[in-house]
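Worksheet for the structure shown next.
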Amino acid sequence: AKGILITASDTKGIVPTVKKARDAGLLVIALDTPLDPIDAADATFATDNLEAGKLIGAWAAATLGDKAKDAKIGFLDLTPSQPTVDVLRDQGFMMGYGIDVKDPNKIGDEDDPRIVGHDVTNGNEEGGRKAMENLLQKDNTINVIHTINEPAAVGAYQALKAVGLESQVLIVSVDGGCPGVKSVAEGVIGATSQQYPLQMAALGIEAIAAFAKDGTKPKPTEGKDFFDTGVNLVTDKPATGVKSIDTKEGLAKCWG
627 AKGILITASD TKGIVPTVKK ARDAGLLVIA LDTPLDPIDA ADATFATDNL EAGKLIGAWA
687 AATLGDKAKD AKIGFLDLTP SQPTVDVLRD QGFMMGYGID VKDPNKIGDE DDPRIVGHDV
747 TNGNEEGGRK AMENLLQKDN TINVIHTINE PAAVGAYQAL KAVGLESQVL IVSVDGGCPG
807 VKSVAEGVIG ATSQQYPLQM AALGIEAIAA FAKDGTKPKP TEGKDFFDTG VNLVTDKPAT
867 GVKSIDTKEG LAKCWG
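Under the numbering used here, think of the first position of the sequence shown as 627, with each following residue one higher.
What follows is the structure, given as structure tokens:
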């Protein structure tokens, strides 16, 4: 083997192992989630999770219009350890929406009165349902929900539907897998930022092949510290000033 592709769940913990692989002459490429620090890998092929968050935040604010300033917003994040992908999507949403994030590397230090709270979902449906129930107990007038991914969003929707509140809440998400895009088409999710993980893997394999051939290492996208594989906002309710594609196009580009 000349190289390895990794998607790390513990972005700091894996670093010593990655160093051993690189010291042994392997090309290490991180996919989707940057290591901490990012230069622990030779290259990172990822979607710009901050941009993905900004897109859904801007869409939510534009969709609400004048009501955006009085919204009650809940955040359904990933895990208590706040992995990079979680922080970037959460803080990106706030930036897009117009919330002061304080420390952009940390979830939960904001003091905007519109934020009802944060809870964790483990990125699955059951977690999304429980987290939504918890936030509803804090404030049942919540009307905007940022979710780490679409399974968490579906769980949140189920919790809202169980108490008859699904029509009062705008749910946004990130990933853009086929089930997620279908959820947008069905009106369960208002908008999602679609990422292209299959492209990450394909490009990663090409990069390892090039490295094996002549030692060439992949270069990051200009102005970024990783190679950006792109993101599109998918919604059937376009908002002024926020570029998006509809679910028909989203379904043609989706994965999973």
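Note that the Cβ used here is the ideal one computed from N, Cα and C, for glycine as well.
Fill in: 7 Å Cβ shell around Gly867 - same chain, five flanking residues per side excluded
As a first step, residue 867 is located in the sequence shown; it is residue number 241 there, counting from the start. Answer for Gly867: Ala688, listed in chain order.
Fill in: Among Lys680, Gly743 and Leu796, the one whose alpha carbon lies nearest that of Gln717
Counted from its first residue, the sequence shown places residue 717 at position 91. Nearest C-alpha to Gln717: Lys680.
Worksheet entry | C-alpha gap between Asp674 and Thr818, whole angstroms | The sequence position of residue 674 within the sequence shown is 48, counting from 1. The sequence position of residue 818 within the sequence shown is 192, counting from 1. So the alpha carbons of these two residues sit roughly 14 Å apart.
Item to complete: Count the CB pairs spanning the region 790 to 800 and the region 683 to 701 that are closer than 8 Å, and state whether there are at least three.
Response: yes
Discussion item. Helix, strand or coil for Val659? Go by DSSP, reduced to three states.
Written reply: Residue mapping note: residue 659 aligns to position 33 of the sequence shown, counting from 1. Correcting the residue type first, residue 659 is Thr in the shown sequence and not Val. Three-state DSSP puts Thr659 in coil, outside helix and strand.
Worksheet item: If you follow the alpha helix (DSSP H) that Ala778 is part of, which residue opens it and which one closes it?
Response: Position 152 of the sequence shown holds residue 778. For Ala778, the enclosing alpha helix (DSSP H) covers residues Glu776 to Ala788.
Practice prompt. Tell whether a beta-carbon distance below 9 Å holds between Ala782 and Gly803.
Written response: The residue given as residue 782 occupies position 156 in the sequence shown. The residue given as residue 803 occupies position 177 in the sequence shown. No; because the gap between Cβ atoms is not below 9 Å, this pair is not in contact.
Item to complete: Tell me whether Lys768 sits in a helix, a strand or coil according to DSSP, three-state version.
Response: As a first step, residue 768 must be located in the sequence shown, where it is residue number 142. As written in the sequence, residue 768 is Ile, which differs from the Lys given in the question. Correct three-state label for Ile768: coil.
Worksheet item: If you scan the region 643 to 709 from start to end, which runs of the alpha helix (DSSP H) of 4 or more residues do you find wholly inside it?
Response: List check, alpha helix (DSSP H) in window: 675 to 690.
Worksheet item: On the premise that Ile733 lies in contact with Val713, defined as a C-beta separation below 8 Å, what is that separation, rounded to the nearest angstrom?
Response: Position 87 of the sequence shown, counting from 1, holds the residue named residue 713. Position 107 of the sequence shown, counting from 1, holds the residue named residue 733. Their Cβ separation, rounded to whole angstroms, is 6 Å, which keeps Val713 and Ile733 in contact under 8 Å.
Fill in: Start-end ranges of the alpha helix (DSSP H) lying completely within the region 788 to 855, minimum 4 residues
804 to 811 and 823 to 840
Worksheet entry | Helix, strand or coil at Val727 [DSSP, three-state] | Taking the first residue of the sequence shown as position 1, residue 727 is located at position 101. In the structure shown, Val727 sits in coil (DSSP, three-state: anything other than H, G, I, E or B).
Fill in: Three-state class that DSSP yields for Asp735 in the structure shown
For the purposes of this step, residue 735 is taken as residue 109 along the sequence shown, with counting starting at 1. Asp735: coil per DSSP, three-state reduction.
Worksheet item: What is the C-beta distance between Phe671 and Leu653, in whole angstroms, given that I count them as a contact (C-beta under 8 Å)?
Response: Counting from 1 along the sequence shown, the entry for residue 671 is found at position 45. Counting from 1 along the sequence shown, the entry for residue 653 is found at position 27. The Cβ separation is near 12 Å, so there is no contact.
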